[in-house]
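In our numbering, each number is its position in the sequence shown, counted from 1, plus 346.
Just so you know, even glycine gets a beta-carbon here, dropped at the ideal spot from N, CA and C.
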Amino acid sequence: MRISDKQARTLISRVHRIEGQLRAIERVITNDDYEKNIAQLEAIFVAAKSLFISYIQSVTNNEQLNIQTKQKLLTKLIARR
């Protein structure tokens, strides 16, 4: 299963964004501002969920393209016989 370069760049940028949020949490976690910590954790979970959904969609789209390509090849092969 392959994903396009654009999809890969999008996924990588989202991973970097999540890494940045994790670093921010590490810096803030020593504070007693629990509301801020919770808000940042929620943002990380939302970003992680978005990343996971994007990955699943890209894999699903890629599988659909593979199926369509195989169907076209089979159609051509059958037409030649």
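So, under 8 angstroms CB-CB, residue i and residue j are touching, yes? Tell me the CB distance rounded to an integer number of Å.
i: Gln353; j: Ser404; result: 4 angstroms
Provide the residue span of the alpha helix (DSSP H) that contains residue i, from first to last.
i: Ser350; result: Note, Ser350: premise wrong, no alpha helix (DSSP H); not H, not E.
Spatial neighbours of residue i within its chain, please: CB distance less than 7 angstroms, with the 5 preceding and 5 following residues excluded, ordered by chain position.
i: Leu397; result: Leu357, Arg360, Val361 and Ile364
i: Arg426; result: none
Residues in its own chain within less than 6 angstroms of residue i by CB, not counting five upstream and five downstream?
i: Asn407; result: none
i: Asn412; result: none
Would residue i and residue j qualify as a contact pair, given that the criterion is a beta-carbon distance under 8 angstroms?
i: Ile371; j: Asn383; result: yes
CB-CB under 8 angstroms to residue i, same chain, minus the five flanking residues each way: which ones, in chain order?
i: Asp351; result: none
With a threshold of 7 angstroms, establish whether the CB of residue i neighbours any heavy atom of the ligand ADP.
i: Arg373; result: Among the components modelled here there is no ligand, and therefore nothing to report on the ligand ADP.
- [ ] Assess, as a yes-or-no matter, whether the segment 383-398 is touched by the segment 416-425 under the definition of 3 or more beta carbon pairs within less than 8 angstroms.
- [x] no
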